Amino acid sequence: MSDKKCVVIVEDDPDARDYLTAILEDNGYEPVTAADGEEGLQKVRERKPAVILLDLMMPKKSGMKFLNEIKQDEELKSIPIVVESGASAVTGVDMRKYLEDPPYRDRKAKALGMDIDITPDAYLEKPVDPDMLVEILKKLA
Amino acid sequence: MDSLPAGTPQLEETSLLAPDLRGLVKTARLIHAERDLDKLLLTITQVAVGMLESEGATVVLRDPCGGLVFHSTTGLKSKQLKEFRLEEGEGIAGNCIRTRSSIVVNDVANDPRFSSRADTMSGFKTRSILCTPLVVEDKCIGALEAVNKYSADGFSEHDIMLSEAVSNQVAVAIHNVQLTMRAVRAAKLAAIGEAVAGITHCMKNMLNGLQGSSYMIKRELKKANGDEPNQGLEMLERSLARMRDLVGDMLTYSKDREPEYERTDVNEMVGSVIELMNTKAGEINSSLKFEPDDGLTAAEIDSKAMYRCVLNLVSNALDACEETQGGVTVRTLRNDETGMAIEVRDEGCGMDEKTMKSMFQPFYSSKGSKGTGLGLSVTRKIVSEHGGHIEVESKPGHGSTIRIQLPTIRRKRGKK
Chain L
730 MSDKKCVVIV
740 EDDPDARDYL
750 TAILEDNGYE
760 PVTAADGEEG
770 LQKVRERKPA
780 VILLDLMMPK
790 KSGMKFLNEI
800 KQDEELKSIP
810 IVVESGASAV
820 TGVDMRKYLE
830 DPPYRDRKAK
840 ALGMDIDITP
850 DAYLEKPVDP
860 DMLVEILKKL
870 A
Chain R
181 MDSLPAGTPQ
191 LEETSLLAPD
201 LRGLVKTARL
211 IHAERDLDKL
221 LLTITQVAVG
231 MLESEGATVV
241 LRDPCGGLVF
251 HSTTGLKSKQ
261 LKEFRLEEGE
271 GIAGNCIRTR
281 SSIVVNDVAN
291 DPRFSSRADT
301 MSGFKTRSIL
311 CTPLVVEDKC
321 IGALEAVNKY
331 SADGFSEHDI
341 MLSEAVSNQV
351 AVAIHNVQLT
361 MRAVRAAKLA
371 AIGEAVAGIT
381 HCMKNMLNGL
391 QGSSYMIKRE
401 LKKANGDEPN
411 QGLEMLERSL
421 ARMRDLVGDM
431 LTYSKDREPE
441 YERTDVNEMV
451 GSVIELMNTK
461 AGEINSSLKF
471 EPDDGLTAAE
481 IDSKAMYRCV
491 LNLVSNALDA
501 CEETQGGVTV
511 RTLRNDETGM
521 AIEVRDEGCG
531 MDEKTMKSMF
541 QPFYSSKGSK
551 GTGLGLSVTR
561 KIVSEHGGHI
571 EVESKPGHGS
581 TIRIQLPTIR
591 RKRGKK
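Chains as they are written, first to last, in my numbering: chain L, 730 to 870; chain R, 181 to 596.
Shown next as C-alpha cells:
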C-alpha cells in the first residue's frame, strides 16, 4: 500500500470526478472514486480514507443522507467530509446557507430527518478552485 | 343647503370657492386612482397648472441617492427640464424642501434664493414661483412648484392655501404609489431570484466542467511542452474568469439579503483592494494612490460585500483611465454626522449625462465585452442594503468621483 493519503470522491458527474481526481493526483493524494452515495459508503468502509469529497445532488443516496450516515457511524464519523456543490437550493440544500443561517439549517435538517449538529467539516463551492481544494485538504488531513 | 345646521357658513363665506372645492375633489379622485408614478406626476402638474392658473408646474422629488430631481414638468419648455437636478437646498424648491414651508416669490429676479440654472438650461423665463412642500409621515419627499401666475398680481394667499391642500393629497398619493412600486419590485426580484438561482446552479456545474477541462488541458500541455504559454488556453481561462464573475454578480443581484455585519478595519479592507489592483494600474501606466483617514475607526460593515464594492469602483476607475493614463485616488473619509465615506476619484475619460443616468441599470455597460454590466448594480444594491447611498460626480474629459456614503451602523446586540 502506498503512503499517499487516500481521498474518496463521491460525485456522480464523470467529468467532475476526472477533474477532482487529476487535482488530487497532482498534489500527492490517492483518489478513489464513487459515482453515488451507496458506492461511496462502500468505498469509505473499505478504504477508511483520510478525507471524503462529497457532491450533494446524486442519484441513489443524496449527499445529505450520506453525510448523515457517515457522521452517525461510530467507526467512520471521525473522517473529515468536504462538501463540494453549487450554492443553491436547487440541490435541495443551499450548503452555504445551511452553514451560515441557523434557522434555515434547522428547517432543512428537520425536513431531511437530520441531526442539526451534523455539518460537513468544510465546504467548497463549484466551480472548484484547485488551490482552494488543496488548502482545505492540507488543513483536514 | 336646507339640511345644513343653522349657522354653517355658506360656501361664499369660506375662503375656498366652489370651483376650488370641486377642483380639490376631482384632484383627489384623479391622483388616488393612478398607480403609475410618471402618469401620476404628470396628472399632478396638469391639475396644478389649472387650479393655480400658472404657465407651468413641476414636481420635484428628493433623490434617495442625494439631490433633487424634476420628475414631471408641465408647460412651455417642459421637455428640456425632464430629470433636471438641483443640489439639496438649491433654489426656491431646495429651500422649500429644507424648511418644509411654502414659499411665494412674485419677482424671482430680486430673490437671492432663486437659482436660474433651470432657466438657463431650458430657455424658459421664470417670473414668479409658488412652491409647497410634499410631506408624508413626517418626511419631506419633495415639492410642488407652480411658475408664472397668469394674473399680473402674482400668486396670492389663496393660491398658497389651494396648493397646500393639493400638496397634502399629492404627497400621500406619491407615497402610496412608491410603496406599491417597491412591493411589485420586491415580488419581481423574488421571482427573478428564483429563476437566477436555478440558472446559476446549472451554470456553476457547467463552469466546473469547463474549469476541469482547462485544468486537464494545462496538465497535458505541461507534460508535452513544459511551461510554454498556450494562447487558446489563456483565452479559455479569461472567459472562465468572466463567467465566474457574472455568476457571482447575478447571485448577489438577485438575492434579497441582509448584510453580514462584522467589525472591520475599513482602511485595511480598502488597502487590500489597492494592493490587488496595483498590478492592473501598472499594466495600463496609471497610478493608484490610497489616502486613508487615520481617524477612521473600525466599523460594522459586511466586509466581503463592501470589499467587492470598492473593488468594482477601483476596477471601473482604472478602466476609465486606460486611454488617458490619468491616476486614481482612493480615500476613506470619516464624517461623524453621516457615518463614513469611501471615495474613488479618477482622472479618466469621465461620463456624459446619458451614461450617468444608466450607469446603475443592470446589464448596462460602457465597457463593451469587458464588463458584466452588473458591477455597479451590485455595488449600489450592497450599499443600499447597508442603508447608505452612492454619490457620483463626473464630466466628460475630466474624470469621475464616486463616493460610497455609509451610515454609522450599530449592530443590535442581545445581552451585553
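Even for Gly, the Cβ is constructed at its ideal location relative to N, Cα and C. A quick note: this is a predicted structure, and the numbers were derived from the prediction, not measured.
In whole angstroms, what separates the C-alpha of residue i from that of residue j?
i                : j                : result
Asp291 (chain R) : Ile372 (chain R) : 51 Å
Ala751 (chain L) : Ala763 (chain L) : 15 Å
Pro542 (chain R) : Leu554 (chain R) : 5 Å
Ser234 (chain R) : Ala461 (chain R) : 56 Å
Ser302 (chain R) : Ser258 (chain R) : 8 Å
Asn286 (chain R) : Met520 (chain R) : 41 Å
Ala345 (chain R) : Leu210 (chain R) : 15 Å
Asp129 (chain R) : Ser336 (chain R) : Because chain R is modelled from 181 through 596, residue 129 (chain R) falls outside the range shown and cannot be assessed.
Tyr827 (chain L) : Lys384 (chain R) : 18 Å
Cys489 (chain R) : Cys529 (chain R) : 21 Å
Ser538 (chain R) : Gln585 (chain R) : 20 Å
Ala298 (chain R) : Arg307 (chain R) : 13 Å
Glu192 (chain R) : His338 (chain R) : Only weak support exists for where Glu192 (chain R) lies, its pLDDT of 49 falling under 50; the value from the coordinates is given anyway. Answer to the nearest angstrom: the Cα atoms are 14 Å apart.
Leu476 (chain R) : Asn447 (chain R) : 8 Å
Gly568 (chain R) : Arg514 (chain R) : 14 Å
Ile582 (chain R) : Glu571 (chain R) : 6 Å
Phe264 (chain R) : Ser296 (chain R) : 12 Å
Gly392 (chain R) : Thr380 (chain R) : 18 Å
Cys276 (chain R) : Leu785 (chain L) : 60 Å
Lys403 (chain R) : Met787 (chain L) : 33 Å
Ala497 (chain R) : Glu267 (chain R) : 24 Å
Met486 (chain R) : Leu493 (chain R) : 11 Å
Leu805 (chain L) : Arg746 (chain L) : 22 Å
Ala367 (chain R) : Val376 (chain R) : 14 Å
Asp802 (chain L) : Lys837 (chain L) : 21 Å
Asp445 (chain R) : Asp823 (chain L) : 30 Å
Using a C-beta to C-beta distance shorter than 8 Å, which residues of chain R count as neighbours of residue i?
i                : result
Ile752 (chain L) : Tyr395
Lys855 (chain L) : Lys384, Asn385, Leu387, Asn388
Asp755 (chain L) : Arg399
Which chain R residues are close to residue i, counting only those with a beta carbon under 9 Å from its beta carbon?
i                : result
Ala745 (chain L) : Asn385, Asn388, Gly389, Gly392
Tyr748 (chain L) : Asn388, Gly389, Gln391, Gly392, Ser393, Tyr395, Met396
From the DSSP output, read off the bridge partner residues of residue i.
i                : result
Cys605 (chain R) : Shown here, chain R extends from 181 to 596; a query on residue 605 (chain R) therefore has no answer.
Asn348 (chain R) : DSSP lists no partner for Asn348 (chain R).
Lys734 (chain L) : L:Tyr758
Thr581 (chain R) : R:Arg525, R:Glu573
Leu241 (chain R) : R:Val249, R:Gly322
Phe470 (chain R) : R:Val510
Lys329 (chain R) : R:Ser234
Glu480 (chain R) : R:Arg443
Glu852 (chain L) : Reading off the sequence, residue 852 (chain L) comes out as Tyr, not Glu. Answer is L:Val812, bridged to Tyr852 (chain L).
Asn515 (chain R) : R:Gly519
Val739 (chain L) : L:Ala763, L:Leu783
Which residues in chain L have a C-beta closer than 9 Å to the C-beta of residue i? List them in chain order.
i                : result
Arg424 (chain R) : Pro856
List the whole-angstrom C-beta distance separating residue i from residue j, where the pair is believed to meet the contact cut-off of C-beta under 8 Å.
i                : j                : result
Val239 (chain R) : Leu324 (chain R) : 6 Å
Val327 (chain R) : Ala351 (chain R) : Rounded, the Cβ-Cβ distance is 20 Å, inconsistent with contact.
Val284 (chain R) : Ile340 (chain R) : 6 Å
Val357 (chain R) : Leu217 (chain R) : 5 Å
Glu480 (chain R) : Arg443 (chain R) : 6 Å
Thr253 (chain R) : Leu261 (chain R) : 5 Å
Gly579 (chain R) : Arg525 (chain R) : 7 Å
Leu426 (chain R) : Ser394 (chain R) : Wrong, their Cβ atoms sit about 17 Å apart, outside the cutoff.
Gln411 (chain R) : Ser466 (chain R) : Not a contact, Cβ separation roughly 26 Å.
Name the chain R residues that come within less than 7 Å of residue i, Cβ to Cβ?
i                : result
Pro859 (chain L) : Tyr395
Is there at least one Cβ from chain A nearer than 8 Å to residue i's Cβ?
i                : result
Val364 (chain R) : Of the protein chains in the structure, L and R, none is chain A.
Pair every Cβ in the region 574 to 581 of chain R with every Cβ in the region 233 to 251 of chain R, then say whether three or more of these pairs are closer than 8 Å.
Segment contact: the region 574 to 581 of chain R against the region 233 to 251 of chain R, fewer than three CB-CB distances shorter than 8 Å; contact not assigned.
With a threshold of 8 Å, are at least 3 pairs of Cβ atoms found where one atom belongs to the region 851 to 870 of chain L and the other to the region 798 to 816 of chain L?
Judged by Cβ distances under 8 Å, the region 851 to 870 of chain L makes contact with the region 798 to 816 of chain L, as three or more pairs qualify.
Indicate whether the contact test is met: 3 or more Cβ pairs, each with one atom in the region 795 to 811 of chain L and one in the region 828 to 835 of chain L, closer than 8 Å.
When Cβ pairs closer than 8 Å are counted between the two stretches, the region 795 to 811 of chain L is seen not to touch the region 828 to 835 of chain L, the count staying below three.
Do three or more CB pairs link the region 435 to 444 of chain R to the region 557 to 571 of chain R at distances below 8 Å?
Here the region 435 to 444 of chain R lies against the region 557 to 571 of chain R, with 3 or more beta-carbon pairs under 8 Å apart.
For the structure I just gave you, are there three or more beta carbon pairs, one from the region 381 to 399 of chain R and one from the region 738 to 758 of chain L, closer than 8 Å?
As far as the Cβ criterion goes, the region 381 to 399 of chain R touches the region 738 to 758 of chain L, which means the pair count is three or higher.
State whether the region 793 to 803 of chain L contacts the region 840 to 848 of chain L, with contact taken as three or more CB pairs (one from each stretch) at a distance under 8 Å.
By the Cβ rule, the region 793 to 803 of chain L counts as touching the region 840 to 848 of chain L, because three or more pairs are nearer than 8 Å.
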